[in-house]
Ligand code: CMC
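Right, dumping it as structure tokens:
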């Protein structure tokens with residue numbers, strides 16, 4: 119048996135859903151490059167594509183869009199549970215708690231009943247969006263807002279979160295950001311979802327576990343930490359010194375590095391382009407973006423000196439700066455990752471259930487053998 123810390127380089131299963139081409143800085147969803155999808159598609163179309171395995175025709179897209187709308191409203195017991203949670207709970211923890219309430223709403227289905235699981239996925243995608251927005255409103259002391267039937271999935275999310283219809287350009291950029299976050303082959307949260315689902319547990323349990331995995335700072339939680347760093351740095355002229363000190367202390371700079379990418383993460387490239395466009399169109403200075411640009415340049419320069427030029431910005435480096443620019447609070451950044459990634463998690467579970475085998479790796483035991491038992495006296 120071979121051993122690989124963090125399962126690096128271990129092929130755990132096959133998938134047709136997405137592939138990270140780490141050497142080339144390319145990401146594909148079912149063979150289509152993320153750049154093409156980000157430029158031309160929509161949340162509804164890409165979610166259909168990932169879950170169903172084919173691009174929708176106009177009538178399929180329209181009924182999928184309607185289905186997502188149909189599931190926006192929370193049942194009263196879920197809303198009651200939401201209102202009973204402490205307002206200072208981290209939203210990622212609140213989401214896990216609320217998904218526990220959603221589990222008993224999942225209709226029982228045969229493991230290979232793909233259509234039934236896609237229906238559950240549509241329910242979870244929509245419910246999660248409403249939950250994320252309403253949890254945020256409640257934390258900010260705002261009343262829960264009734265859902266409406268108009269607007270696309272991501273625009274409606276922004277409407278719920280911010281209490282007004284989003285500006286068309288911002289809504290488009292936000293939709294692109296969500297497409298970029300939708301899937302990423304066997305990342306930690308997807309793997310967590312797969313492990314849970316491999317026991318034939320509920321799809322909702324797998325999504326809840328994935329949310330737990332995503333919350334950590336080495337994974338989705340990094341987007342929040344990047345802004346913690348920008349806020350601690352305070353101004354662009356202090357960024358270089360801050361980074362040099364962090365690297366000297368062998369600290370990690372959040373939003374940099376990746377297990378698979380050995381060059382620029384294509385998602386980071388697109389998010390940076392969005393930020394550049396927003397900066398060009400704006401009359402006010404975006405201090406966070408300016409600090410991060412300095413952090414970026416210092417990191418690239420320093421890492422090349424240390425022969426670590428394989429460490430580049432990942433998706434989390436620029437995403438928070440974009441979310442802040444459009445008025446979203448830092449604490450809500452990681453839930454936004456979940457808002458999109460729930461599509462990937464569900465797609466992977468459904469694909470895996472077509473030919474399931476429980477995950478059960480081996481451990482290399484390094485403890486003692488034959489220790490005599492000593493009874494407590
Ligand atoms: N800043 C400084 N040094 C780094 C960084 C960083 N962000 N990332 C990796 N390194 C160094 C690391 O210290 C190590 O050096 P050495 O060989 O001297 O010990 C070397 O690069 C290899 O790093 P590693 O931690 O062994 O790599 P890994 O594949 O186990 O971890 C990672 C990948 C993403 C967890 C790691 O790069 C990291 O902690 N980055 C910061 C957190 C972050 O941005 N996470 C988001 C990841 S992308 C989106 C997502 O998955 O959610």
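Residue numbers (the numbering used here): 119 to 495.
Ideal placement from N, C-alpha and C gives every residue a C-beta, glycine not left out.
To the nearest angstrom, how far is it from the Cα of residue 255 to the Cα of residue 300?
-> The sequence position of residue 255 within the chain shown is 137, counting from 1. The sequence position of residue 300 within the chain shown is 182, counting from 1. Using only the alpha carbons, I get a separation of about 24 Å.
Length of the line joining the Cα atoms of residue 289 and residue 158 = Residue mapping note: residue 289 aligns to position 171 of the chain shown, counting from 1. Residue mapping note: residue 158 aligns to position 40 of the chain shown, counting from 1. If I take the Cα positions, the gap works out to 14 Å.
So, residue 389 versus residue 250, is the Cβ gap smaller than 8 Å?
-> Stepping through the chain shown from its first residue, residue 389 is reached at position 271. Stepping through the chain shown from its first residue, residue 250 is reached at position 132. Contact: no.
Within its chain, find whatever has a CB closer than 6 Å to the CB of residue 345; leave out the 5 residues flanking it on each side and keep chain order.
-> Residue mapping note: residue 345 aligns to position 227 of the chain shown, counting from 1. Excluding positions up to five away in sequence, the list reads 438, 448.
Identify, in the order they occur along the chain, each residue of the same chain with its Cβ nearer than 8 Å to the Cβ of residue 206, setting aside the five sequence neighbours on each side.
-> Translated into positions along the chain shown, residue 206 becomes position 88. 257, listed in sequence order.
Would you please state the rounded distance, in angstroms, between the beta carbons of residue 185 and residue 234? I believe it to be under 8 Å.
-> On the chain shown, position 67 is the one that residue 185 refers to. On the chain shown, position 116 is the one that residue 234 refers to. About 13 Å; that fails the 8 Å criterion.
Pick out every residue whose C-beta is nearer than 6 Å to a heavy atom of ligand 1: which are they, in chain order?
-> Qualifying residues, in the order they occur: 124, 305, 336, 337, 338, 340, 370, 371, 372, 373, 374, 375, 376, 377, 426, 429, 432, 433, 434.
Is residue 475 buried or exposed, if buried means 16 or more other CB atoms sit within 10 Å of its CB?
-> The residue labelled residue 475 in the question sits at position 357 within the chain shown. The residue is exposed, with fewer than 16 neighbouring Cβ atoms inside 10 Å.
Thinking C-alpha only, which one of 212, 362, 401, 433 is nearest residue 421?
-> Taking the chain shown and counting its residues from 1, the one referred to as residue 421 is at position 303. The option with the nearest alpha carbon to residue 421 is 362.
Just mark residue 312 as buried or exposed, buried being the case when its beta carbon has 16 or more other beta carbons within 10 Å.
-> Here residue 312 corresponds to residue number 194 of the chain shown, with the count starting at 1. The residue in question, residue 312, is buried, as its Cβ has 16 or more Cβ neighbours within 10 Å.
Report the residue from 231, 492, 483 whose alpha carbon sits nearest the alpha carbon of residue 471.
-> Here the question's residue 471 lines up with position 353 in the chain shown. Measuring from the Cα of residue 471, the nearest candidate turns out to be 231.
Secondary structure, alpha helix (DSSP H): runs of 4+ residues fully inside the stretch 312-391 | 321-332, 340-351, 357-366
Which of the three DSSP states, helix, strand or coil, is assigned to residue 422?
-> For the purposes of this step, residue 422 is taken as the residue at position 304 of the chain shown. Three-state result, residue 422: helix.
Per the contact definition of three or more C-beta pairs closer than 8 Å, is the stretch 214-231 in contact with the stretch 165-183?
-> no
Ligand 3 heavy atom lying under 7 Å from the CB of residue 369 = Questions concerning ligand 3 fall outside what the structure shown contains, since the ligands it does hold are ligand 1.
Is the beta carbon of residue 460 sitting closer than 8 Å to the one on residue 242?
-> Taking the chain shown and counting its residues from 1, one reaches residue 460 at position 342. Taking the chain shown and counting its residues from 1, one reaches residue 242 at position 124. In this structure, residue 242 lies closer than 8 Å to residue 460 by Cβ.
In the DSSP assignment, find the alpha helix (DSSP H) that holds residue 273 and state where it starts and stops.
-> As a position in the chain shown, residue 273 is number 155, starting the count at 1. 271-280 is the extent of the alpha helix (DSSP H) around residue 273.
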